[in-house]
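See structure below.
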Amino acid sequence: MSLHPNRIRRPLLLIFFVWSFQSVLLSQPEPITGLELTPYDHHIELDWDQSPNPFVQGYRIYGSQDGSEYEFLGFTNNVTTTFIDFLGDWDATGSYYIRALDNGGNLSEPSDTISATTFEMTDEELLDMVQAYTLRYFYDFGHPVSGLARERSTTNTVTSGGSGFGIMALIVGAERGFITYEEAFDRTEKIVNFLMTVPRFQGAFSHWMNGATGQVIPFSALDNGGDLVETAFLIQGLLTARQYYDGDEPAEVQLRENITQLWEEVNWNWYRRQTQPILTWHWSPQFEFDLNLPIRGFNEAHIIYLLAIAAPNEAFNIPAFLYDTGWASGSYANNIEHYGYPLEVGRGKGGPLFFSHYSYLGFDPRGIADEYTNYFARNTAHSLINYEHCIENPYNREGYSAEVWGITASDDPFVGYLAHSPDNPQEDNGTIAPTAALGSMPYTPNESIRAMKFFYRELGDRLWGRYGFKDAFNLGANWFAESYLAIDQGPIICMIENYRSGLLWDLFMQNPEIQPALDEIGFTPDSSVIINSQTDVSVLFSGLPQVVPQPLAGPASLHLTLKEPTRLSANLINAEGQLIQQLFPEALFPAGEQQIDFELRNHLSSGTYFLLLNTPLGQQWLPIIKSN
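Residues 733 to 1360 (this note's numbering) are what the sequence shown spells out, left to right.
So, in structure tokens, the structure goes:
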């Protein structure tokens, strides 16, 4: 059989035209537009417009520091239009241009060349920067279908507990102006609407879900159903959002109603196997309670018992006595002491630091105590023990110091992921996670901010990225994680905010179900305060700092004489140990006599307060008598 000549020519012509079309398009991409630079303390961020050319495969970034020759800095893919150049100091000038690269290996002409200079940021500016970058993990990187938080930066699997943290992070973002109120609301609404459709197990959510469909992704062989601890972290975030989005618009009313429905439908009582004196972590229709993991403290699960007792559905909540027979059962109260700090509940040196973070992103432990301890004081002691352990460094881990501390669960260079703890050398293998020190900021502000500065300024070229601090590092292994985890990013942004303003604590505690549950459990007011410094700060001063006048009803001043230039900041603390307001941000004061003026908020009631003066060596507490 012979072939018609046109049957040969047409495919050849088609190939020729496709080749010609691509040759034209691939001749040279258009120059990149919209290049903008944002300078920070030690780095500059580059942002530019995405190329409309479908054949562009990525972008080559070129830079010069302080007038040096331009060099190739890195390459991003065709959808990544952000690049971070870590210059490593302030007062450093970076100049940059970008060239697009297409599939044929053709480079565009350079974009415009622009420059920016880093600058020394105050503590407040650094905290803003860390919070803003960390928010990106939950907002920019949230799952596109559900809006939920991905379990880690390398997966589409979403996490229930991490999404609870993310919902609170959105609130912080809106309050700080990183995103708008409307953007935070829209994302929260998207998340809640999705949660209304996913499989639940006696009202409880699974640990992991498919971010597009909501179907369960088993966390382990027997864990393919409800996870009560992850559910509690999610509900903690949802209840915080229920108080924040308080408008009268129909969408906000509906959001609150949906959150209430999700809250009411969790059958906490089911997870005590209906009659047992303790809650159980997991249940699934297939394996029922085969995992058989009881929830008892002290660990990350404190919030579970508070919510289970507070739950508004009387058929699904638990009696208050389970707090003692469940959460506080076993070897709970031990009255241990390490480095001079009492750890009234818990074991060893307190375990991983996330024990003092996850339950307290919303639950405010300040100024109250149950029959066992004041948890703000307990968590402060836990954080300081962890800090002092790293200074002592009993296992001789490389790099541990007053600036490099924070042992908690994180990714690990040797076993993938590990719940690191200071209690033994197998668990404390030299891996430090930024979330540990930064999540402890309400408890140890001086020590945490010092660590934050070191992580960023000294290790930032390997530890800082698009979503802020990467998950962990191990100096002895010369290892820096490339990953981000939702459960580690969440405490960073949320606990920094609780240190700065108490915002999330205030919102969560406003839920009407919470205080009655605390009363049932037996929480009472308590003014225990851990003064988190064993250092004698008086060596900085000539004489004792004083607040005048006393008592005060209006403007006031802190009078002191510094022996040498010193960085100082101050907060107002009430008699229950609660942070009330920042009196002045950190600044460098010269040697000699100083008068630092401040004013208390008008609405403060009469009584005794404390000015907490933060110094590089520790803290000085000064009483203030407020009168109206």
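From the three backbone atoms N, C-alpha and C, an ideal C-beta is built for every residue, glycine too. Bear in mind the structure is a predicted one, so any value in this text is a computation, not a measurement.
Within the region 1093-1128, the runs of alpha helix (DSSP H) at least 4 residues long that lie entirely inside it are, in chain order, 1107-1124. DSSP places F937 outside both helix and strand once states are collapsed to three, so it counts as coil.
Taking the C-beta atoms as reference points, I1305 is found no nearer than 8 angstroms to L1354.
Excluding sequence positions up to five before and after Q1326, its CB lies within less than 6 angstroms of the CB of L1292, all in the same chain and listed in chain order. Taken through DSSP and simplified to helix, strand or coil, F1240 comes out as helix. A buried status is given to T1176, since no fewer than 16 other beta-carbon atoms sit within 10 Å of its beta-carbon. Residue burial annotation: I1050 is buried, with at least 16 other C-beta atoms found within 10 angstroms of its C-beta. Note on geometry: alpha-carbon atoms of G879 and R868 lie some 12 angstroms from one another. Nearest Cα to L1217 within the set M861, L839, G893: G893. Note that the C-beta distance between F818 and G1192 is below 8 angstroms. Taking A1060 as the centre and dropping the five residues before and after it, the same chain places the C-beta of G1029, Y1104 closer than 7 angstroms to its C-beta, in chain order. Fewer than three pairs of CB atoms, one per stretch, sit closer than 8 angstroms, so the region 1122-1130 makes no contact with the region 1145-1152. For V961, the enclosing alpha helix (DSSP H) covers residues 960-976. A Cβ-Cβ distance of about 37 angstroms is found for the pair Q1282 and Q975, leaving them out of contact under the 8 angstroms criterion. Beta-bridge pairing by DSSP links H1089 to no other residue. In the structure shown, G1324 falls within a strand segment according to DSSP collapsed to helix, strand and coil.
Listed in chain order, the alpha helix (DSSP H) runs fully inside the region 1139-1208 are 1166-1171, 1177-1189, 1192-1195, counting runs of at least 4 residues. Contact between the region 974-988 and the region 1017-1026 is absent, with fewer than three C-beta pairs closer than 8 angstroms. Under the DSSP definition of a beta bridge, R1299 partners with L1320. N1178 is a Cβ neighbour of N1346, given a cutoff of 8 angstroms.
E1331 has its alpha-carbon roughly 50 angstroms from the corresponding atom of Y1003.
Judged by DSSP in its simplified three-state form, G1339 adopts strand. Residue nearest to S840 within the set P761, D798, T814, L902 is P761 (criterion: CA-CA distance). Excluding the 5 residues flanking it on each side, P1009 has same chain C-beta neighbours closer than 7 angstroms at L1054, T1057, G1058, in chain order. The C-alpha of I1253 lies about 50 angstroms from the C-alpha of T770.
Collapsing the DSSP output to three states places D773 in coil. In this chain, the beta strand (DSSP E) harbouring T891 covers 889-891. Y1071 carries a coil assignment under DSSP once its states are collapsed to helix, strand and coil. A residue is called buried when at least 16 other Cβ atoms come within 10 angstroms of its Cβ; A936 meets this threshold and is buried. In the structure shown, V811 falls within a coil segment according to DSSP collapsed to helix, strand and coil. Taking every protein chain shown into account, the CB of H1335 has fewer than 16 other CB atoms within 10 angstroms, so this residue is exposed.
Out of T1112, H1070, Y1064, the CA that lies nearest to the CA of F1086 is found in T1112.
Residue pairing by DSSP places F1330 opposite A1288 in a beta bridge.
For Q863, the secondary structure class from DSSP, reduced to helix, strand or coil, is helix. In this structure A973 touches I899 by the C-beta definition: roughly 5 angstroms separates them, less than 8 angstroms.
When rounded, the separation of the alpha-carbon atoms in G1162 and F1205 is 8 angstroms.
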